[in-house]
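Under the numbering used here, the first residue of the sequence shown is numbered 1, with each subsequent residue one higher.
By construction, the Cβ of each residue, glycine as well, lies at the ideal position given by its N, Cα and C atoms.
None of the values given here were measured: they were computed from a predicted structure.
Notes to accompany the following structure.
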Amino acid sequence: MPLAVHPIQPAFAAEVSGVDIAGPIAPADVAAIEAAMDNYAVLVFRSQSITDAQQMAFSRNFGALENARGGNVTKPGDHRLPTGMNDVSNLGKDQRPLARDNRQRLFNLGNMLWHSDSSFRAIPAKYSLLSARIVNPTGGDTEFADMRAAYDALDDETKREIEGHVCEHSLMYSRGSLGFVDYTEEEKELFKPVRQRLVRTHPVTGRKSLYLSSHAGTILGLPVPEARIILRDLNEHATQPRFVYVHKWKLNDLVVWDNRQTMHRGRRFDESQPRDVRRTTVAGDTPTIAQAAE
Ligand SMILES: [Fe+2]
């Protein structure tokens, strides 16, 4: 069966059939997937039973994998998955749900805030690919917001006001908003804020989008409370149901999203039961703006 793209919503999110992620992918199919990503920003591939190695190999069709260092508080010896895989599960190395007060768990709760993956890196991520290996019995949907449509729907005055704004993003801002504020000196160094444009332009389509994320905590040149009110207003605007696709996970779904034109968040689930979702991240290739000199 040839590759086919079936829109889930008219201009945002589509399901792709006719591809076996586990095997090598023909160059024409890689190109078709990239084109569909540019258009729909979120793609769903159903019934893809894959290993970690197969997920990483498929991801590399779209660019180099991002180095996960600096993206979490998991200690080197505590990783459940091999290098190259981001563990978005609620499981420890013993494959059991983490305890309620586990620091890694509390930090990972930040994934339930609207964000764009790796917006806290100077060169933020291109795609994320999330594979459902164990689906939780209750909740755990992932919601996606179309930041192009959200930008388009702003009034002209707001577009003018925010056009040149540059934000600072850090994991300490997103986690700080949840009251997670204790970091080691090493973590503070790893989580130092980076600069990102608030309005970014997609390198292929040329479309503008709002580059929002819970990691954004300041806007250069503005007092912090004023910046945060602007960011809150924009987030509220951008996450209205008319811009959102809600993904309800089935076993072996693989969902791919373009972090350059979407935000997403996980929803709560039954944490006494496993939820094993594994992410690969395709690195971006350019910063949205130059960083401050050290
Ligand atoms: Fe994420």
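When burial is assigned at 16 or more other CB atoms within 10 Å of the CB, is K126 buried or exposed?
The residue in question, K126, is buried, as its Cβ has 16 or more Cβ neighbours within 10 Å.
Which word fits Q261, buried or exposed, when buried means at least 16 other C-beta atoms lie within 10 angstroms of its C-beta?
Residue environment for Q261: buried (at least 16 other C-beta atoms within 10 angstroms of its C-beta).
Look at R46 and K250 and say whether their C-beta atoms are less than 8 angstroms apart.
In contact: R46 and K250 (Cβ atoms closer than 8 angstroms).
Looking at D270 and ligand 1, is the gap between the Cβ and the nearest heavy atom below 7 angstroms?
No.
Can you look up Y183 in the DSSP assignment and give me helix, strand or coil?
Y183: coil per DSSP, three-state reduction.
Using DSSP with H/G/I as helix, E/B as strand and the rest coil, what is F58?
When secondary structure is reduced to three states using DSSP, F58 falls in the helix class.
Taking just the CA atoms, how far does Q9 sit from I123?
Rounded to the nearest angstrom, the two C-alpha atoms are 30 angstroms apart.
Is it the case that the CB of N111 approaches a heavy atom of ligand 1 more closely than 7 angstroms?
Taken from the Cβ of N111, at least one heavy atom of ligand 1 lies inside 7 angstroms.
What is the DSSP secondary structure of R121, reduced to helix, strand or coil?
The answer is coil: DSSP assigns R121 none of H, G, I, E or B.
Identify, in the order they occur along the chain, each residue of the same chain with its Cβ nearer than 6 angstroms to the Cβ of Q55, setting aside the five sequence neighbours on each side.
Sequence-distant Cβ neighbours of Q55 in its own chain, meaning closer than 6 angstroms and more than five residues away, are S131 and T280.
Quick check: M85 and R278, are their CB atoms within less than 8 angstroms of each other?
Yes; because the gap between Cβ atoms is below 8 angstroms, this pair is in contact.
Does D285 pass the burial test, meaning 16 or more other C-beta atoms within 10 Å, or should it be called exposed?
Under the 10 Å beta carbon count, D285 is surrounded by fewer than 16 other beta carbons and is classified as exposed.
Distance check for F58 and L129, CA to CA, integer angstroms please.
Each residue's Cα considered, the two are about 9 angstroms apart.
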